[in-house]
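Student: Numbering (our numbering), first residue to last: 3 to 80. We put the CB at the ideal spot given by N, CA and C, even for glycine.
1) Once DSSP output is grouped into helix, strand and coil, what is the label at residue 24?
2) Could you check the C-alpha separation between residue 2 and residue 32 for me, to the nearest Å?
3) Using three-state DSSP, classify residue 19 as helix, strand or coil.
Here it is as structure tokens:
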């Protein structure tokens, strides 16, 4: 008669691996709140602190040098 112990041992190894993985996840979850993103003392996100409500000025790469030259010529004529 053949023994059927191998599948049982393989299943036990899989269960051990799953339990170990769960323990690793729990440890990561416990460490996660302590490694939060840095915030300013007043609670303002530093990425958007410089943005003001309303229309935003054009970025340097959006300004066309030809348009800027035309505006200065028009301002000098006036």
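Tutor: Short version:
1) Secondary structure at residue 24: helix, using DSSP grouped into helix, strand and coil.
2) Given a span of 3 to 80 for the chain in the structure shown, any question on residue 2 remains unanswerable.
3) Three-state DSSP puts residue 19 in a helix.
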